[in-house]
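**Q** Our numbering numbers the first residue of the sequence shown as 530 and each following residue consecutively. From the three backbone atoms N, C-alpha and C, an ideal C-beta is built for every residue, glycine too. Everything numeric in this text was worked out from a predicted model, so none of it was measured. I'd like to ask you about the structure that follows.
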Amino acid sequence: MLTEQCSRSIYETVASYYDFSSKLIKLLENPDHQELHDFIIARVFATRVPAFLETHGDAIKAANVITQLEKLSKNTPSVMEAYERLCDIVHPNGMGASIYFSKIDETDTAQFTDGGNDPDRAYSSFVMSCTRLLYLDRAIDELEPLLLELSASATRA
């Protein structure tokens with residue numbers, strides 16, 4: 530089950546970075562240094578901890594990861610379904626227990642064992658989540674020239 534938890538975390542990290550980079554790219558199209566500063570500070574210190582929000586306000590309120598995953602799924606529709614399947618496995622519910630402790634054959638017959646799930650399923654989940662890391666690479670490739678241009682414009686000013 531740990532592999533599925535890690536896989537789910539990768540989906541969440543990719544969705545969070547995708548959301549951040551998408552917004553940053555839009556801000557870099559017509560850069561306003563104060564707006565960029567405020568955006569980056571708000572994202573760096575983003576939290577959902579009530580005590581911090583009481584002190585610093587909603588400006589640093591972290592986005593809900595489901596919202597971020599839904600935005601990512603507009604480009605890759607399978608993201609939400611894969612994420613929801615991972616949630617069913619890692620949360621203590623009937624579906625998760627059934628998936629984790631059973632192996633379903635080609636006739637849709639479930640065989641329950643004490644030893645947990647077939648390691649191939651966990652391996653597949655992990656490999657598929659790792660392919661989502663390519664979004665990070667693509668987003669970095671999109672951001673890098675924009676950040677270089679911002680830097681160059683700051684030195685010209």
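For A639, list the residues DSSP reports as bridge partners.
**A** Counting from one through the sequence shown, the residue named residue 639 turns up at place 110. Answer is I633, bridged to A639.
**Q** Provide the residue span of the alpha helix (DSSP H) that contains V656, from first to last.
**A** Counting from one through the sequence shown, the residue named residue 656 turns up at place 127. 648 to 660 is the extent of the alpha helix (DSSP H) around V656.
**Q** Would you give the residue range spanned by the alpha helix (DSSP H) that D571 belongs to?
**A** As a first step, residue 571 must be located in the sequence shown, where it is residue number 42. It is Ala, not Asp, that sits at residue 571 in the sequence shown. 562 to 573 is the extent of the alpha helix (DSSP H) around A571.
**Q** What number of angstroms, rounded off, separates the C-alpha of I570 from the C-alpha of S538?
**A** The count along the sequence shown starts at 1 and reaches residue 570 at position 41. The count along the sequence shown starts at 1 and reaches residue 538 at position 9. Near 23 angstroms, if we compare the C-alpha coordinates of S538 and I570.
**Q** Just mark D634 as buried or exposed, buried being the case when its beta carbon has 16 or more other beta carbons within 10 Å.
**A** Counted from its first residue, the sequence shown places residue 634 at position 105. Exposed is the call here.
**Q** Expressed to the nearest angstrom, what Euclidean distance is found between the alpha-carbon atoms of E678 and D548?
**A** Here residue 678 is taken as the residue at index 149 of the sequence shown, counted from 1. Here residue 548 is taken as the residue at index 19 of the sequence shown, counted from 1. Looking at the two C-alpha atoms, the distance is approximately 21 angstroms.
**Q** Which residues in the same chain have their Cβ closer than 7 angstroms to the Cβ of A588, if we skip the five residues on either side of it in sequence?
**A** Here residue 588 is taken as the residue at index 59 of the sequence shown, counted from 1. Correct list, in chain order: A571.
**Q** Please return the same chain residues whose Cβ sits closer than 8 angstroms to the Cβ of L582, not counting the five positions on each side in sequence.
**A** Here residue 582 corresponds to residue number 53 of the sequence shown, with the count starting at 1. Around L582: T576, I589, K590.
**Q** When you compare each of E673, A681, L662, E671 to S545 by their alpha carbons, which one comes out closest?
**A** Here residue 545 is taken as the residue at index 16 of the sequence shown, counted from 1. Checked all of E673, A681, L662, E671; the closest Cα to S545 is L662.
**Q** Per the DSSP calculation, K590 is bridged to which residue(s)?
**A** By one-based count along the sequence shown, residue 590 stands at place 61. According to DSSP, which records beta bridges pairwise, K590 is partnered with T576.
**Q** What does the alpha-carbon distance come out to for the pair H620 and E613?
**A** Position 91 of the sequence shown, counted from the start, is the residue given in the question as residue 620. Position 84 of the sequence shown, counted from the start, is the residue given in the question as residue 613. Distance between the alpha carbons of H620 and E613 is about 10 angstroms.
**Q** Please look up how many angstroms separate the CB atoms of I522 and L672, rounded, as I've assumed it's under 8 angstroms.
**A** Outside the shown range of the chain, which is 530 to 686, sits residue 522, and nothing can be said about it.
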